[in-house]
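Residue numbers (our numbering), protein chains in the order written: chain A, 110 to 267; chain B, 110 to 267; chain C, 110 to 267; chain D, 110 to 267.
Don't be surprised by glycine CBs; every beta carbon is placed ideally from N, CA and C.
Step one of this worksheet: look at the structure below.
Protein chains: 4
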Amino acid sequence: MAGFQPKNPDYRAISIATFEAQRAMKTMGISISRLGPGEVDLAMDYSPEFTQQHGFIHAGVITAGLDNACGIAAFTLMPAGSGILTVEFKTNLLAPARGERFAFRATVVKPGRTLTVCEARAYAMHGGAEILIATMSGTLMALAPREAAVKAKALVPA
Amino acid sequence: MAGFQPKNPDYRAISIATFEAQRAMKTMGISISRLGPGEVDLAMDYSPEFTQQHGFIHAGVITAGLDNACGIAAFTLMPAGSGILTVEFKTNLLAPARGERFAFRATVVKPGRTLTVCEARAYAMHGGAEILIATMSGTLMALAPREAAVKAKALVPA
Amino acid sequence: MAGFQPKNPDYRAISIATFEAQRAMKTMGISISRLGPGEVDLAMDYSPEFTQQHGFIHAGVITAGLDNACGIAAFTLMPAGSGILTVEFKTNLLAPARGERFAFRATVVKPGRTLTVCEARAYAMHGGAEILIATMSGTLMALAPREAAVKAKALVPA
Amino acid sequence: MAGFQPKNPDYRAISIATFEAQRAMKTMGISISRLGPGEVDLAMDYSPEFTQQHGFIHAGVITAGLDNACGIAAFTLMPAGSGILTVEFKTNLLAPARGERFAFRATVVKPGRTLTVCEARAYAMHGGAEILIATMSGTLMALAPREAAVKAKALVPA
Numbered sequence: 110m111a112g113f114q115p116k117n118p119d120y121r122a123i124s125i126a127t128f129e130a131q132r133a134m135k136t137m138g139i140s141i142s143r144l145g146p147g148e149v150d151l152a153m154d155y156s157p158e159f160t161q162q163h164g165f166i167h168a169g170v171i172t173a174g175l176d177n178a179c180g181i182a183a184f185t186l187m188p189a190g191s192g193i194l195t196v197e198f199k200t201n202l203l204a205p206a207r208g209e210r211f212a213f214r215a216t217v218v219k220p221g222r223t224l225t226v227c228e229a230r231a232y233a234m235h236g237g238a239e240i241l242i243a244t245m246s247g248t249l250m251a252l253a254p255r256e257a258a259v260k261a262k263a264l265v266p267a
Numbered sequence: 110m111a112g113f114q115p116k117n118p119d120y121r122a123i124s125i126a127t128f129e130a131q132r133a134m135k136t137m138g139i140s141i142s143r144l145g146p147g148e149v150d151l152a153m154d155y156s157p158e159f160t161q162q163h164g165f166i167h168a169g170v171i172t173a174g175l176d177n178a179c180g181i182a183a184f185t186l187m188p189a190g191s192g193i194l195t196v197e198f199k200t201n202l203l204a205p206a207r208g209e210r211f212a213f214r215a216t217v218v219k220p221g222r223t224l225t226v227c228e229a230r231a232y233a234m235h236g237g238a239e240i241l242i243a244t245m246s247g248t249l250m251a252l253a254p255r256e257a258a259v260k261a262k263a264l265v266p267a
Numbered sequence: 110m111a112g113f114q115p116k117n118p119d120y121r122a123i124s125i126a127t128f129e130a131q132r133a134m135k136t137m138g139i140s141i142s143r144l145g146p147g148e149v150d151l152a153m154d155y156s157p158e159f160t161q162q163h164g165f166i167h168a169g170v171i172t173a174g175l176d177n178a179c180g181i182a183a184f185t186l187m188p189a190g191s192g193i194l195t196v197e198f199k200t201n202l203l204a205p206a207r208g209e210r211f212a213f214r215a216t217v218v219k220p221g222r223t224l225t226v227c228e229a230r231a232y233a234m235h236g237g238a239e240i241l242i243a244t245m246s247g248t249l250m251a252l253a254p255r256e257a258a259v260k261a262k263a264l265v266p267a
Numbered sequence: 110m111a112g113f114q115p116k117n118p119d120y121r122a123i124s125i126a127t128f129e130a131q132r133a134m135k136t137m138g139i140s141i142s143r144l145g146p147g148e149v150d151l152a153m154d155y156s157p158e159f160t161q162q163h164g165f166i167h168a169g170v171i172t173a174g175l176d177n178a179c180g181i182a183a184f185t186l187m188p189a190g191s192g193i194l195t196v197e198f199k200t201n202l203l204a205p206a207r208g209e210r211f212a213f214r215a216t217v218v219k220p221g222r223t224l225t226v227c228e229a230r231a232y233a234m235h236g237g238a239e240i241l242i243a244t245m246s247g248t249l250m251a252l253a254p255r256e257a258a259v260k261a262k263a264l265v266p267a
C-alpha cells in the first residue's frame, strides 16, 4: 500500500487544485491535511449545521469526506490531464460521528489505467480519543486527457 | 414492494419529526415530498454551495439524500418509540448530478425486527427531462424503544 | 428498464456460449432460463453439496448466481467481440436460501460504453412459495474487442 | 485490529466445527489455515471445476471464500451458543483469480453485540508471486443463544 510512483510530476499541485475547486468541500469545512502518492488525509471540524437528529455529523457528510479522500488519493496517481469520476462506494457506519474534529484517511489499494480501487476510514476525535467511525471501499475512474477536456467543456455548471 | 402495514399508527408524524430534527437536511435544502408506509420521496433544489469541481452536486450530498430517504422509509415501518441507525449503504453513481432539482426515492425491500433493507434512486430534473443519476442499497437498524431512550439520553450533542 | 437495443445482432448466441464456457456454472447446476436484451434469468436446483451449516445454500453460491445473471445481462448489450469483467458487487442477504429451486433475475440499470450497472434478485422456491432471499447491485466492465482478443490469448488457464 | 479478547473460551473448537459443518466449503476445497481471535485465514487449491470462461476461478467462489473468512473471524468473538448470519458484503475484484493456490484473510474491524464488521482480502499464489485479487467488506450478525437454538431447530435442511 506504499511506494506508489506518481505518473504526473505535478500531481501535488493539480490534486490540491481539484480538491479546492469543489465548493461542497469548503461549505462542509473539509480540507486536506496530508497528501502523498496514493494517500490522502482530510480534516473537518464539527459543525452543528451538518448534524442528524442526535446532534452528530450526518452520515452523508461523513461519506462526502470519505469519497473525496478516495477520489484525491486515486487522482494523485493518474497521468497529467486526466479527469476523475466516482463509480461507486460502500460505507459501513461503525459508531456515531460524535466529536470535535474528524479525519478521513484514504489509500489506493489497486491503481489502474481506467479504474482505481481505494479504501478509506473516518475517525472522530472526541475528548482526546480517536475513534474509528466509518469505512469506505470505492472505485474511481480516470477520464483520459482528451475525454476529460471534452467533458470539461460540456460540463458548464447548470 | 407495496402494501406495507405500519406498526405505529402515528408513523407519519413521527417520521416527519425525525426528518426535520436533522439540521443537515435543512442546510442541504432537502425536504420530504411524499411519505407512505415503506416509501419516501425527498426533493432538493440545485445549490452552488454543494457542488464539485464541474459545478454539479457533490456525490456526498446525493448520498445524504439517498441515505435519508432509505432511513425514513425504514422508520415508517418501525414500532412506536424505536430509534434508527444506518448500518451501511452502497451507492452507484450513474450520471453527473446536473440539474435544477433532484429527487430521492426510497422503498423498503425487506422490513425486519432488527434490520431493514431499502433501495433508493436519485433523479436529476434537467431541462424538462428526468435522469436516473444514482442508486443505493442500504441496511438500517431499529433500536428497541428502551435502548433508543437510553441512547437518546447519552447522545447529547458534542 | 425495458426496451434495450442490443448492438450485437448475434447477442443471444454469444451470451449463451459465454455462460456455458464457465465450468463453475455447470458444477453448481446453474443454467439460463430466460435471456433478452439487458435481462437474464438463471435457475438452480437445491444441491446438498453447496450448503452451509444449516443445510441451506451457501451465500457464495447465491452470489455466484447473482453475479452471473448480472454479467450476462450486461453482456447482451455489448458490441460484438467484447470481453466482460466484473468490477464489483454488493449482496444483501434477506432470508436463508432454503428451497427446492432458486432463481437469479438480473436487469441492466444503466448500460455504458465501458461500465454497465446491473441489479439482480435471488428467489427461493420453497413449498410452492417464492421468497426473495438476496439482492445484488454490481458494476460490469466491457473489454473493447481488441483488448479482449489480447486478454483471451494471454489468459490460458493456469 | 489486534488484541481481541474472545468471550467464548472454547471459541477455537466451535469456530472450526461451524466451518466444517458447511459442505460447500468441502466441495470447493476451502480449509482453515490459521485461526485466532478476530482473524482467520482460509486456503483453497485451484480446481478446474470452479472456473469461469477464461479458466480462472469464478468470482462467486472467491466471494464464498472471503465471506466464510469474514464469518468465522466474526464468530470467534461471539459468546458461547451464538449463531451467525451474513447480513451483506461487497466485493471488489482487482485482478483475475489466476493461480495454483488462493488465500482468504479476514480480520474483524469492529465487533459488536449484534453486528460485527469485517474486512477480507483474497490472494492468488501464481508462479511464486502472491497477488491481491479481491477485497471484501461485510457485516455479520450474531443470533443470541436462545434465538440460535430456536432457529437451529426450525432450520432442518430442505
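Short CB-CB distance (under 8 angstroms) between residue i and chain C
i, result
"B:Thr-223", "no"
"A:Val-196", "yes"
"A:Lys-116", "no"
"D:Ala-182", "no"
CB-CB length for residue i against residue j, believed under 8 angstroms
i, j, result
"D:Met-245", "D:Ala-229", "4 angstroms"
"B:Pro-115", "B:Pro-146", "5 angstroms"
"C:Asp-176", "D:Gly-174", "Actually they do not touch by this definition, with Cβ atoms about 14 angstroms apart."
"B:Gly-192", "B:Ala-233", "Wrong, their Cβ atoms sit about 32 angstroms apart, outside the cutoff."
"D:Phe-128", "D:Ile-181", "5 angstroms"
"C:Arg-136", "D:Phe-159", "For the sequence presented, residue 136 of chain C should be read as Thr rather than Arg. The pair is a contact, with the Cβ atoms about 6 angstroms apart (cut-off 8 angstroms)."
"A:Met-153", "A:Phe-198", "So it is not a contact: roughly 17 angstroms between Cβ atoms."
"B:Thr-248", "D:Thr-248", "7 angstroms"
"D:Ile-139", "D:Val-149", "Wrong, their Cβ atoms sit about 11 angstroms apart, outside the cutoff."
Under 8 angstroms from the C-beta of residue i: neighbouring residues of chain A
i, result
"D:Leu-241", "Val-218, Lys-219"
"B:Ala-173", "His-167, Ala-168, Gly-169, Val-170, Thr-172, Ala-173"
Test: residue i CB closer than 8 angstroms to a CB of chain B
i, result
"C:Asn-201", "yes"
"A:Val-149", "no"
"A:Arg-132", "yes"
"A:Ala-258", "no"
"A:Thr-185", "no"
"D:Met-110", "Residue confidence for D:Met-110 is low, a pLDDT of 46 falling below 50, so the modelled location carries little weight and cannot support an answer."
"D:Ser-124", "no"
7 angstroms Cβ cut-off: residues of chain B touching residue i
i, result
"A:Gly-138", "Those do not exist, as A:Gly-138 stays about 12 angstroms from chain B at its closest Cβ, beyond 7 angstroms."
Contact with chain A by residue i, beta-carbon distance below 8 angstroms
i, result
"B:Gly-145", "no"
Residue i at chain D interface by Cβ criterion, 8 angstroms
i, result
"C:Leu-176", "Looking at the sequence provided, one finds Asp at residue 176 of chain C rather than Leu. Answer yes: the Cβ-Cβ gap between C:Asp-176 and chain D drops below 8 angstroms somewhere."
"C:Gly-169", "yes"
"C:Ala-267", "Note that C:Ala-267 scores 34 on pLDDT, short of 50, meaning its location in the model is unreliable and no value can be drawn from it."
Please go through the region 146-188 of chain A and give each complete beta strand (DSSP E) segment of 3 or more residues, from N-terminal end onward. Fully enclosed beta strand (DSSP E) runs of no fewer than 3 residues occupy 148-154 of the region 146-188 of chain A, in order along the chain.
Using a Cβ cut-off of 7 angstroms, which residues of the region 226-255 of chain A contact any Cβ in chain C, in chain order? Cβ contacts with chain C come from Thr-248.
Whole runs of the alpha helix (DSSP H) within the region 201-246 of chain A, excluding any shorter than 4 residues: Runs found: none.
Could you please tell me which residues of the region 152-165 of chain D, in chain order, have their CB closer than 8 angstroms to any CB of chain C? Taking 8 angstroms as the Cβ-Cβ cut-off against chain C, the residues of the region 152-165 of chain D that qualify are Tyr-155, Pro-157, Glu-158, Phe-159, Thr-160, Gln-161, Gln-162, His-163, Gly-164, Phe-165.
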